[in-house]
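A.B. asks: Numbering (the working numbering), first residue to last: 168 to 690.
#1: With burial defined as no fewer than 16 other Cβ atoms inside 10 Å of the residue's Cβ, what is the status of residue 291: buried or exposed?
#2: How about residue 423 and residue 495: are their beta carbons less than 8 Å apart?
#3: Would you kindly check if the distance between the Cβ of residue 431 and the Cβ of residue 589 is under 8 Å?
#4: Quick check: the Cα distance between residue 381 and residue 351, rounded to an integer number of angstroms?
#5: Look up residue 324 in the DSSP assignment and say whether it is helix, strand or coil.
#6: Assuming residue 186 and residue 488 are in contact, meaning their beta carbons sit under 8 Å apart, how far apart are those beta carbons, in whole angstroms?
#7: Can you tell me where the beta strand (DSSP E) holding residue 570 begins and where it ends?
#8: Residue 585 lies in the alpha helix (DSSP H); which residues open and close that run?
#9: Between which two residues does the beta strand (DSSP E) harbouring residue 535 extend?
#10: Which value, in whole angstroms, describes the spacing of the CA atoms of residue 233 and residue 303?
#11: Tell me which residue opens and which closes the beta strand (DSSP E) that residue 498 is part of.
#12: Are the region 235-255 and the region 363-382 touching by the rule of at least three beta carbon pairs closer than 8 Å?
#13: Taking all protein chains shown into account, do 16 or more other C-beta atoms lie within 10 angstroms of the C-beta of residue 436, making it buried, or fewer, making it exposed?
#14: Leaving out the 5 sequence neighbours to the left and right, which residues in its chain are closer than 7 Å to residue 691 when beta-carbon positions are compared?
#15: According to DSSP, is residue 590 helix, strand or coil?
#16: By Cβ distance, which residues of its chain are closer than 7 Å to residue 306, with the 5 residues on each side in sequence left out?
#17: Alpha carbon to alpha carbon, how far is residue 366 from residue 640? Give it in angstroms, no decimals.
#18: Going by other Cβ atoms of all chains shown within 10 Å of its Cβ, with 16 needed for buried, is residue 353 buried or exposed?
#19: Hey, quick one: how far does the alpha helix (DSSP H) through residue 681 stretch, first residue to last?
#20: Give me the Cβ distance between residue 551 and residue 283, rounded to the nearest whole Å; I'm assuming they're in contact under 8 Å.
#21: Could you pull the start and end residues of the beta strand (DSSP E) that residue 420 belongs to?
#22: First and last residue of the beta strand (DSSP E) that includes residue 709?
#23: Residue range of the beta strand (DSSP E) that residue 291 falls in?
#24: With respect to 7 Å, is the separation between the Cβ of residue 587 and the closest non-hydrogen atom of the ligand ZN below this value?
#25: Suppose the cutoff is 8 Å on Cβ atoms and the five residues either side in sequence are ignored; what does the same chain contact list for residue 289 look like?
#26: Taking DSSP as the reference, what is the three-state secondary structure of residue 172?
#27: Can you tell which of 587, 500, 548 has its C-alpha closest to the C-alpha of residue 203?
#28: Whose CA, out of 360, 563, 646, 279, lies closest to the CA of residue 691?
#29: Round the Cβ separation of residue 341 and residue 652 to the nearest angstrom and send it over; I've been treating them as touching at under 8 Å.
#30: Measuring alpha carbon to alpha carbon, tell me which of 426, 472, 222, 467 ends up nearest residue 452.
#31: If the criterion is Cβ atoms closer than 8 Å, does the pair residue 679 and residue 664 meet it?
#32: Could you tell me how far apart the beta carbons of residue 263 and residue 192 are, in whole angstroms, since I believe they sit closer than 8 Å?
#33: Mind the definition here: the region 333-349 touches the region 210-217 only if three or more C-beta pairs lie below 8 Å; say whether that holds.
This is how it looks when you write it as structure tokens:
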């Protein structure tokens, strides 16, 4: 049987039928599945690996308008993303929160007045209720100036947001499943063909599951949200079609031990025009990235190279007093962004906006090209606005005013209070579950929000949490992740559902994989 949301559900041996088959379990696919299920469509989502296994867990983990895109006059994209920041922050305050960014100003960069004007525009392009406005700072007095070299005396502060990107994907999948969608991970779409015409038109899909079983799906429509594989999948589904070309851009990141104690992030400008962020990460670390390089390798195996590591270390060392060397790097990750091909010669200038291609030669096929994590909800909404009427569904868009699972902190609808007072929510949970270490409850609150009550249901003492498989990782949490969040392997648990892999000894992954084999999930 295949692991499906809300426990181990049986996948029918006969052909499944649905309104919509979504191929791809990244943020776009999960967001579209959620929106569609919420409009009353029957949905099957298949993902050949784990949810967020590729691009969607390899972002810089920011909910942001994209300050540097103003330089390329992408005002529409920036405004759309800026509007989405607070919509998303309210919907899931446990995995997203406001973050202040410090931009040191150096001689030879754009004039300070021009940067200030750009930040003023950034502040004014969309209404803000939660995020404070930008302003100038004296780095000789501000706490953010202490880790920097003394020549940086002036800077600017502005607002954006932070997101746990992989968990964002999982929450969308949970919500889709709660609304009736079948979410099938470790399941590859092996074959797809159109069948019939007119009202009887459909897609016939063959899905191959991890255990080798084939599953037939008859779908009235298909969404191609395969990320870096979108163009390839489109050729499979509609051979001979013209289709769009993707430009694959590799973005790589490094993680080092914490470089500063305050809660601000930094945005550094490089003379070559690139932007690199240095962000507080997992309490004990600093995340530095990203690079922008054209990628022509194997899409399933994307890794940082030595030159990228040197580049990120050198740029950071230009600003920080403490030099950063490749030997200081404790973890790296890299992903490929599938962007719409345009005329840009420079990888960093390629648009991050998204495009749709709708093929109606028979049963509809909607392919998604490009996009960024900040605009995923709007992308999904627009995709369903296109597709749903073709399926006879006229239900209105709904996600702008809905919480993601666990985000209903102070009520069933998104609220500014949930963002501003999240600390009080955590304190309340620590009192309620005082039998657990306060730090562990705080981690659960950030990961699961109100769904902590599902994880801890019926448990009133540490002994009820089961075996402590690794420090702070109890069998109860592993069981929850396997039953409710499609986790299968140690990598799913330690690196995508959490970042415990950063905090635990390297051998933990091997031990956890053995434990998972020895403790199969029972119905």
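Note that beta-carbon positions come from the ideal geometry of N, C-alpha and C, so glycine has one too.
C.D. replies: In terms of the structure at hand:
#1: Position 124 of the chain shown, counted from the first residue, corresponds to residue 291. By the neighbour-count rule (16 or more Cβ atoms within 10 Å), residue 291 is not buried but exposed.
#2: As a working note, residue 423 is residue 256 in the chain shown. As a working note, residue 495 is residue 328 in the chain shown. For residue 423 and residue 495, yes; Cβs fall inside 8 Å.
#3: For this step, residue 589 is matched to residue 422 along the chain shown. For this step, residue 431 is matched to residue 264 along the chain shown. Contact: no.
#4: As a position in the chain shown, residue 381 is number 214, starting the count at 1. As a position in the chain shown, residue 351 is number 184, starting the count at 1. If I take the Cα positions, the gap works out to 12 Å.
#5: Counting from 1 along the chain shown, the entry for residue 324 is found at position 157. If DSSP states are grouped into helix, strand and coil, residue 324 belongs with the strands.
#6: Working through the chain shown from its first residue, we reach residue 186 at position 19. Working through the chain shown from its first residue, we reach residue 488 at position 321. About 58 Å separates the beta carbons of residue 186 and residue 488, which is beyond the 8 Å limit, so they are not a contact pair.
#7: The count along the chain shown starts at 1 and reaches residue 570 at position 403. Premise fails: residue 570 is in no beta strand (DSSP E) and is neither H nor E.
#8: Position 418 of the chain shown, counted from the first residue, corresponds to residue 585. Residue 585: member of the alpha helix (DSSP H) spanning 583-587, first to last residue.
#9: In the chain shown, the residue the question calls residue 535 occupies position 368. Counting along the chain, the unbroken beta strand (DSSP E) around residue 535 starts and ends at 532-537.
#10: Taking the chain shown and counting its residues from 1, one reaches residue 233 at position 66. Taking the chain shown and counting its residues from 1, one reaches residue 303 at position 136. Between the alpha carbons of residue 233 and residue 303 lies a gap of roughly 19 Å.
#11: Counting from one through the chain shown, the residue named residue 498 turns up at place 331. Bounds of the beta strand (DSSP E) holding residue 498 are 496-507.
#12: Contact fails: fewer than three Cβ-Cβ distances are below 8 Å.
#13: Stepping through the chain shown from its first residue, residue 436 is reached at position 269. In this structure residue 436 is buried. Its beta-carbon is surrounded by 16 or more other beta-carbon atoms within 10 angstroms.
#14: There is simply no residue 691 to check, as the chain begins at 168 and stops at 690 in what is shown.
#15: Position 423 of the chain shown, counted from the start, is the residue given in the question as residue 590. Residue 590: helix per DSSP, three-state reduction.
#16: For the purposes of this step, residue 306 is taken as the residue at position 139 of the chain shown. Shown here for residue 306: same chain residues with a beta carbon closer than 7 Å to its own, the five before and five after excluded, namely 271, 312, 315, 319, 320, 321, 322 in chain order.
#17: Working through the chain shown from its first residue, we reach residue 640 at position 473. Working through the chain shown from its first residue, we reach residue 366 at position 199. If you take the alpha carbons of residue 640 and residue 366, they lie about 52 Å apart.
#18: Taking the chain shown and counting its residues from 1, one reaches residue 353 at position 186. Counting other Cβ atoms within 10 Å of its Cβ, residue 353 reaches 16 or more and is therefore classed as buried.
#19: Taking the first residue of the chain shown as 1, we reach residue 681 at position 514. It spans 675-685 - the alpha helix (DSSP H) in which residue 681 sits, taken as one unbroken run.
#20: Stepping through the chain shown from its first residue, residue 551 is reached at position 384. Stepping through the chain shown from its first residue, residue 283 is reached at position 116. Not confirmed; about 40 Å, so no contact.
#21: Numbered from 1 along the chain shown, position 253 holds the residue referred to as residue 420. Where residue 420 is concerned, the enclosing beta strand (DSSP E) stretches over 413-424.
#22: It is not possible to answer for residue 709, since the shown part of the chain is limited to 168 through 690.
#23: Reading the chain shown from its first residue, position 124 is the one you call residue 291. Note, residue 291: premise wrong, no beta strand (DSSP E); alpha helix (DSSP H) at 279-291.
#24: Absence of the ligand ZN from the depicted structure is noted, as is the absence of any ligand whatsoever, leaving it without description.
#25: On the chain shown, position 122 is the one that residue 289 refers to. Its chain contains 232, 234, 237, 245, 249, 301, 325 as the residues whose beta carbon lies nearer than 8 Å to that of residue 289, once the 5 sequence neighbours on both sides are disregarded; these appear in chain order.
#26: As a first step, residue 172 must be located in the chain shown, where it is residue number 5. Any reading at residue 172 must be qualified, since the residue scores a pLDDT of 35, below 50, and its modelled position is unreliable; the value itself is stated next. In this structure, residue 172 counts as coil in the three-state DSSP scheme.
#27: Taking the first residue of the chain shown as position 1, residue 203 is located at position 36. When C-alpha distances from residue 203 are compared across 587, 500, 548, the shortest belongs to 548.
#28: This structure cannot settle anything about residue 691, because the visible part of the chain is limited to 168 through 690.
#29: Indexing the chain shown from 1 puts residue 341 at position 174. Indexing the chain shown from 1 puts residue 652 at position 485. Rounded, the Cβ-Cβ distance is 7 Å, consistent with contact.
#30: The count along the chain shown starts at 1 and reaches residue 452 at position 285. Closest option to residue 452, judged by alpha-carbon separation, among 426, 472, 222, 467: 426.
#31: If you number the chain shown from 1, residue 679 lands on position 512. If you number the chain shown from 1, residue 664 lands on position 497. Cβ atoms of residue 679 and residue 664: not closer than 8 Å.
#32: For the purposes of this step, residue 263 is identified with residue 96 of the chain shown, where counting begins at 1. For the purposes of this step, residue 192 is identified with residue 25 of the chain shown, where counting begins at 1. Rounded, the Cβ-Cβ distance is 20 Å, inconsistent with contact.
#33: At 8 Å Cβ cutoff, the stretches touch.
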